[in-house]
Structure formats: C-alpha cells, structure tokens
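Working notes, beginning with the structure itself.
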Amino acid sequence: MTTGYDPEKDKKSPTDLCVVCGDDTGIPKDEPVYARPFYVEGAGQICGACDKEICGNAKISG
C-alpha cells in the first residue's frame, strides 16, 4: 500500500485508484460497479490489500 489517495493522480489514470491507499487497482474506470471486485458502495473502489485489511477480520453476527 502507498501513502494515500491522490485525486490528481486519479484524474490522469485510465484505471481506478484505491480510495484508501491510492494504489492502482487495475480496474478500468468505465467498468460497471456491479462487476467490480472490492467496490464499496458509498465509498468507492478499494484494492485487494485494503479489502483484506479492512474486511478480512470482520465477523458476521447472527
């Protein structure tokens, strides 16, 4: 992971950057959100590493 999201870098990139760490996700900006891995509604695109760090230890109550 890098130091954080950079909106100027994102404007220049043809693919989405992770909204948490700023890494390039490799996912084209025109990819529909329903087809994107690690897309978080209301937040945006995150990378696999951030998904694992943020959601990897989540426990589902039930």
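Sequential numbering from 425 applies to the sequence shown in the numbering used here. We put the CB at the ideal spot given by N, CA and C, even for glycine. Computed from a prediction, not measured in an experiment: that's the story for all the values here.
The three-state reading of DSSP puts Gly-466 in coil, since its state is none of H, G, I, E or B. Going by DSSP, Pro-456 is part of no alpha helix (DSSP H) at all; its letter is neither H nor E. Rounded to whole angstroms, the separation of the alpha carbons of Thr-449 and Gly-472 is 8 Å.
By the neighbour-count definition (other C-beta atoms within 10 Å, threshold 16), Asp-440 is a buried residue.
Burial check for Cys-479: the Cβ neighbour count within 10 Å stays below 16, so the residue is exposed.
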